[in-house]
Structure formats: structure tokens, C-alpha cells
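In terms of the UniProt record's numbering, the numbers along the sequence shown are unbroken and rise by one, the last being 485.
Right, one structure below, let's go through it.
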Amino acid sequence: MASDKQVTFVIVGGGIAGVTCAEQIASQFVSDEVYLLTASPLVKTVTNFKQVSKTLEEFDIEDQPSSVLEEKYPNLKVLQSAVKLLRAKEHLLQAENGQTFHYKKLCICSGARPKLLTQDNPHVLGIRDTDSAQEFQKRLSKAKRIVVIGNGGIALELVYEVEGCEVIWAIKDKAIGNTFFDAGAAQFLIPSLEADKKERALPCKRARYTTGKTGAGHSGASGELGSALGPDWHEGIELRGTVQNSSGVHVEYECEVDKIYTQQEFLQSQLNTNKSELGLWPAYVQLTNGKIYGCDFVVSATGVVPNTDPFLSGNNFELAGDHGLRVDDHMRTSEQDVYAAGDVCTAGWEPSALWQQMRLWTQARQMGWYAARCMAADVLEEPIELDFCFELFSHITKFFSYKVVLLGKFNAQGLGQDHELLVRCTKGQEYVKVVLTGGRMVGAVLIGETDLEETFENLILNQMDLSRYGEELLNPNIDIEDYFD
Ligand code: FAD
Numbered sequence: 001m002a003s004d005k006q007v008t009f010v011i012v013g014g015g016i017a018g019v020t021c022a023e024q025i026a027s028q029f030v031s032d033e034v035y036l037l038t039a040s041p042l043v044k045t046v047t048n049f050k051q052v053s054k055t056l057e058e059f060d061i062e063d064q065p066s067s068v069l070e071e072k073y074p075n076l077k078v079l080q081s082a083v084k085l086l087r088a089k090e091h092l093l094q095a096e097n098g099q100t101f102h103y104k105k106l107c108i109c110s111g112a113r114p115k116l117l118t119q120d121n122p123h124v125l126g127i128r129d130t131d132s133a134q135e136f137q138k139r140l141s142k143a144k145r146i147v148v149i150g151n152g153g154i155a156l157e158l159v160y161e162v163e164g165c166e167v168i169w170a171i172k173d174k175a176i177g178n179t180f181f182d183a184g185a186a187q188f189l190i191p192s193l194e195a196d197k198k199e200r201a202l203p204c205k206r207a208r209y210t211t212g213k214t215g216a217g218h219s220g221a222s223g224e225l226g227s228a229l230g231p232d233w234h235e236g237i238e239l240r241g242t243v244q245n246s247s248g249v250h251v252e253y254e255c256e257v258d259k260i261y262t263q264q265e266f267l268q269s270q271l272n273t274n275k276s277e278l279g280l281w282p283a284y285v286q287l288t289n290g291k292i293y294g295c296d297f298v299v300s301a302t303g304v305v306p307n308t309d310p311f312l313s314g315n316n317f318e319l320a321g322d323h324g325l326r327v328d329d330h331m332r333t334s335e336q337d338v339y340a341a342g343d344v345c346t347a348g349w350e351p352s353a354l355w356q357q358m359r360l361w362t363q364a365r366q367m368g369w370y371a372a373r374c375m376a377a378d379v380l381e382e383p384i385e386l387d388f389c390f391e392l393f394s395h396i397t398k399f400f401s402y403k404v405v406l407l408g409k410f411n412a413q414g415l416g417q418d419h420e421l422l423v424r425c426t427k428g429q430e431y432v433k434v435v436l437t438g439g440r441m442v443g444a445v446l447i448g449e450t451d452l453e454e455t456f457e458n459l460i461l462n463q464m465d466l467s468r469y470g471e472e473l474l475n476p477n478i479d480i481e482d483y484f485d
């Protein structure tokens with residue numbers, strides 16, 4: 001039954017940012033009712049949280065029914081209903097089930113959705129949540145060739161994991177994994193794409209995504225609102241096509257999609273190409289380098305768009321260039337008493353020289369947690385400083401079965417020519433790159449079991465002048481930890 005509710009805190013979104021925010025608020029304000037509204041039936045909870053070093057963290061994620069949260073926090077109510085309408089000036093929020101909330105503080109953590117090459121094209125698929133990953137798996141099981149577009153983390157993992165299907169991977173950059181790596185690291189990783197699957201597996205520790213025994217997560221009522229998958233999203237899903245012994249990945253560099261044709265459009269087109277040579281496929285992709293590939297379907301992994309739709313109409317939110325809700329250093333949007341965290345928001349404060357926003361699992365947790373502390377501080381009229389986690393960008397992940405640690409300006413982001421790189425590489429084992437500016441370390445990429453993350457994190461944080469060490473810094477015969485003790 002539709003009803004009106006007066007509540008102090010409402011949080012929207014059952015992903016990592018929303019759940020972390022709601023848990024933090026509920027545990028701090030035990031006598032206040034806290035509402036978490038989410039479009040998805042399962043919520044994502046962080047377990048086994050471990051602070052690996054000052055800024056690096058590892059944790060597991062579990063999809064759980066909302067009752068788990070309600071049992072843990074008696075003052076936290078989870079409503080599975082998408083937000084339909086927000087009237088920020090009136091502090092009013094309406095859910096699709098008709099329930100209306102009059103809040104004092106609201107935090108929007110509605111995540112983001114894949115930026116698709118084209119909307120409503122049945123031959124183009126995006127991967128975001130459990131449903132879309134399952135749809136991908138289903139279609140892959142009947143496929144001989146797919147075309148993957150995009151060069152971020154999802155595309156990287158996907159091309160590596162797919163077996164039994166030819167993959168054409170089109171990227172607009174000169175090297176693979178441009179979001180995370182430079183050309184050197186890409187070169188280090190490329191042989192993994194060509195190696196036999198059995199030879200690939202290397203032991204690796206990292207954040208693990210686990211699905212609870214509650215059944216697969218489904219998207220919300222509107223079909224597109226499930227929580228984002230995260231690390232290991234492909235684990236437990238067999239990503240196999242129909243071709244025996246094929247893990248072939250062909251990379252097309254420096255190109256984008258010009259046009260996608262259905263079979264019929266292609267056959268009827270005036271294209272100046274030998275159509276019969278290309279074979280008969282459900283879809284055809286024309287790239288900007290002029291090449292045309294037939295394929296079973298296209299995976300569009302070209303980034304995400306923040307889910308801001310139900311919140312914008314009638315309100316005055318300041319949006320960033322990437323369409324995220326712009327937040328200040330207290331996670332406040334431009335609408336009074338409305339905060340935002342995770343993929344839906346864009347950091348609008350002057351960032352530390354060593355931090356940048358990336359729409360990642362760890363940042364969703366950190367922002368959700370910090371937003372809760374900011375909401376609390378505002379209610380209690382207490383001062384709060386920007387959290388230390390925004391001091392240095394740090395991320396642990398896994399690409400092509402290698403442990404990957406990224407620190408600070410790992411790709412010399414924003415440094416122009418004003419930097420120097422030191423690289424150490426042992427083929428098939430490790431790739432270490434440090435970024436120095438004015439003799440001080442400002443970033444690092446560590447691939448493999450390098451064991452250097454803590455030392456490098458310290459060197460970046462303390463901004464020690466390293467000029468006198470020169471290339472010795474990466475000398476494998478020197479125990480660098482002892483060096484700087
Ligand atoms: P989400 O997890 O997307 O949660 C948003 C929530 O809001 C959902 O519960 C949704 O149902 C709800 N919602 C949306 N609209 C509404 C509405 N109108 N009303 C109510 N509720 C609503 N990050 C990494 O760090 N490492 C990785 O290896 C990695 N791999 C990834 C692989 C894939 C395939 C994808 C898609 C993402 C990956 N990411 C990875 C990114 C990471 O998953 C996200 O950055 C993170 O999950 C964002 O969390 P969030 O809470 O902001 O949003």
C-alpha cells in the first residue's frame with residue numbers, strides 16, 4: 001500500500017556504495033530509521049575486508065538477500081523498489097511501488113550502466129550485471145566469432161577469458177588496456193593472449209567476487225538496474241563458444257566502429273567488398289580502418305554512463321562532463337541535503353596530486369563509507385576532513401591471471417612530458433614501472449608477484465627525493481625494502 005514516511009536518512013542503491021553507506025549510517029544512528037531503496041533484489045555486501053597497506057585494500061563481495069542487512073541492523077529497512085521521482089527542494093522521494101519518503105538526508109548510489117555503441121540493436125550486448133553476463137554466456141555458447149569493442153578493464157578480462165570462439169578486439173588506442181597500462185605493460189601482457197589456457201593460470205591473490213547461494217541476481221523491474229559486477233565477474237560462468245581449440249584473439253588497433261549491419265542490411269548494401277569472402281554472419285561490423293568483420297554478435301565495452309535519470313527532472317543537479325552527479329569534498333551534490341557516492345558521482349573537488357577517480361569497486365566502497373561519515377558530520381554539525389583514502393590512488397586487481405597493483409599517477413596521468421619512467425621486466429613473470437617527476441615517485445604499475453607495493457606506496461606518500469638512486473631503484477639484486485628502512 002502506498003504511504004508517506006518521514007525518515008532522517010534515505011540511501012538509494014543496493015551496490016557496494018549504497019550498502020556501505022547504509023551500513024555505516026545505520027550503525028552510527030541506531031535510534032533513527034534508515035531506508036535503503038534498491039532496484040535489485042539482492043544487495044552487495046563487503047566481507048573479509050583487509051587493509052593491505054596504508055591505502056591498498058582487499059575484500060570479498062557477496063550478493064545477499066536484503067534480510068541479511070535488516071537482521072544485522074534492526075533500524076535499517078531495505079525496500080526493493082526503484083526510485084521514480086525526486087523533488088529535491090521538497091526533500092521528497094517516490095519509489096515505483098508508490099511509497100513516498102520525506103527525508104532529511106539522501107545519498108544517491110545508483111551506479112552506472114554500460115555505454116552502448118547503439119541502443120536497441122539486438123546484435124550489440126553490454127555487460128554490467130549478472131543478467132547481462134548470463135545473456136552473454138548464452139549467446140557465446142552458440143557463437144563462432146564475436147567482436148569486442150573497448151579497451152577498459154571489462155574488455156581486457158573478457159578477451160582473455162573467452163574460449164572456443166574467435167575474438168576480434170577493436171581498440172581505439174595504440175596498445176591494449178590503455179585505461180590501466182602503457183604500451184610496455186601491454187607488450188608484457190600480449191603473449192598471455194596467445195598462450196594456451198592451461199599454461200596461463202598463475203597463483204594470484206586479489207579481491208574475489210562471490211555469489212551467495214541465493215540464486216543468481218536479477219536486474220530490477222526496469223531490467224537495466226542490477227548492481228554492477230566486479231572482479232572475477234566471469235568466475236563460475238563458462239565463457240565458451242562453439243569452436244574447438246580456439247582462443248584466438250585478433251587485435252585491431254587504432255580504430256572504432258563505423259557501422260554495424262544486420263545480415264540483411266549487409267547483403268543489400270552497396271559496400272565495395274567481396275561479400276561472399278566474408279562469409280554469412282548474423283551481423284557485420286565495419287571499422288573506421290575500413291575492415292569489415294562478420295560475427296555472431298558485438299560486445300560493447302566502451303565504458304559506463306552514470307544512472308542519473310530518475311533524479312534529474314525538476315531538480316538542479318550540477319553534472320560533470322561524464323554526466324556524473326558532481327560532488328564536493330563532502331560528497332554533497334549541488335542540491336541541498338543530497339549526497340552521492342560510487343559510479344553515479346563525479347569527484348568535483350580539487351584532487352590530491354596523486355589521486356584520480358576511476359569507477360572501480362574500491363572507490364565505490366570508499367565513497368559510500370565517506371559519504372555516510374559526511375552525512376553524519378553534517379547532522380551532528382561536526383567538522384570532517386577529506387578521507388585519507390583520497391590522498392593516493394591505489395588499486396589491486398588481476399589481468400590475464402597476473403596480480404596487478406596500480407598506484408598514484410601510474411600512467412603519468414596529467415604529467416605531460418614532465419616525468420621519467422623506470423621499467424623492469426622479466427618476460428612471463430613481472431613488469432615493474434615507476435613514474436618519477438622531479439626525482440620523486442608519483443606512480444607505479446606492478447604486474448606479477450613483485451612484493452613491492454608497500455615500499456612503493458611509502459615512497460610515493462613520503463615524496464622522498466630518489467634522484468641519487470637512479471636506476472638502482474629497480475635493481476632486482478637489491479632488496480629495496482632494506483634500502484629504505
Ligand atoms: P552498482 O554496483 O552499479 O549499484 C547500483 C545500485 O543502484 C544497484 O543496486 C541498482 O539496482 C540500484 N539502482 C539503480 N537505479 C536505481 C533506481 N532508480 N532506484 C533504486 N535503485 C537503483 N571494479 C573493480 O574495481 N575491479 C574490477 O575488476 C571490476 N570489474 C568489473 C566488471 C564488470 C563486468 C563491471 C560491469 C564492472 C566492474 N568493475 C570493477 C566496476 C565496479 O563493479 C563498479 O565500480 C562498482 O560496482 C560500482 O558500485 P556502485 O555501488 O556505485 O554501483
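Ideal Cβ placement from N, Cα and C applies to all residues, glycine included.
Exercise. Among residues of its own chain, excluding the 5 on either side of L287, which ones have a beta-carbon nearer than 8 Å to its beta-carbon?
Worked result: A170, E252, C255, E256, V257, D258 and Y293
For this session: Compare the C-alpha of D451 against each of D387, E161, L406 and A228 and name the closest.
Result: The residue with the shortest Cα to Cα distance from D451 is L406.
For this session: Count the CB pairs spanning the segment 341-354 and the segment 301-314 that are closer than 8 Å, and state whether there are at least three.
Result: yes
Exercise. Where does M441 fall in DSSP's three states?
Worked result: M441 falls in the strand class under three-state DSSP.
For this session: Starting from Y402, follow its DSSP beta bridges and name the residues at the other end.
Result: F399
Exercise. In whole angstroms, what is the alpha-carbon distance linking M331 and V10?
Worked result: 15 Å
Exercise. Under the DSSP definition of a beta bridge, which residues are partnered with C255?
Worked result: Partner(s): none; C255 has no beta bridge.
For this session: State yes or no: is the C-beta of V435 within less than 8 Å of the C-beta of F410?
Result: Yes, they are a contact pair.
Exercise. Cα-Cα, which of I260, E194, T437 and E391 is closest to G290?
Worked result: I260
For this session: Could you spell out the range, first to last residue, of the beta strand (DSSP E) harbouring A112?
Result: A112 to P114
Exercise. What beta strand (DSSP E) runs, 3 residues minimum, are completely inside the segment 136-169?
Worked result: If one requires a minimum length of 3 residues, the beta strand (DSSP E) runs lying completely within the segment 136-169 are 145-149, in chain order.
Exercise. Beta-carbon separation of K105 and M441 under 8 Å?
Worked result: no
For this session: Could you tell me the distance, in whole angstroms, from the CA atom of D482 to the CA atom of L56?
Result: Roughly 21 Å separates the two Cα atoms.
Exercise. When the Cα atoms are used, what is the spatial distance from T100 to L36?
Worked result: Answer to the nearest angstrom: the Cα atoms are 13 Å apart.
Exercise. Quick one: Cα of L466 to Cα of L92, how far?
Worked result: 55 Å
Problem set entry | Environment of G14 [buried if 16+ CB atoms lie within 10 Å] | That one is buried.
For this session: Identify which residue in F59, F393 and R468 has its Cα closest to the Cα of A353.
Result: Checking every option, the nearest Cα to that of A353 belongs to F393.
Exercise. What residues are listed by DSSP as bridge partners for P65?
Worked result: L42
Exercise. Out of L421, R240, D387 and L79, which has the shortest C-alpha to C-alpha gap to E33?
Worked result: L79
Exercise. Identify the residues that DSSP records as bridge partners of E277: which are they?
Worked result: For E277, DSSP assigns no beta-bridge partner whatsoever.
For this session: Please report the residue range of the alpha helix (DSSP H) in which R468 lies.
Result: Going by DSSP, R468 is part of no alpha helix (DSSP H) at all; its letter is neither H nor E.
For this session: Rounded to whole angstroms, what's the CA-CA distance from F136 to A283? Just pull it up for me.
Result: 16 Å
Exercise. Near I478, what residues of its chain come up, given a Cβ to Cβ distance below 6 Å and the 5 sequence neighbours on each side ignored?
Worked result: Answer for I478: no residue qualifies.
Exercise. Which residues mark the beginning and the end of the alpha helix (DSSP H) in which P191 is found?
Worked result: A183 to E194
Exercise. Do V43 and I61 have their CB atoms nearer than 8 Å?
Worked result: no
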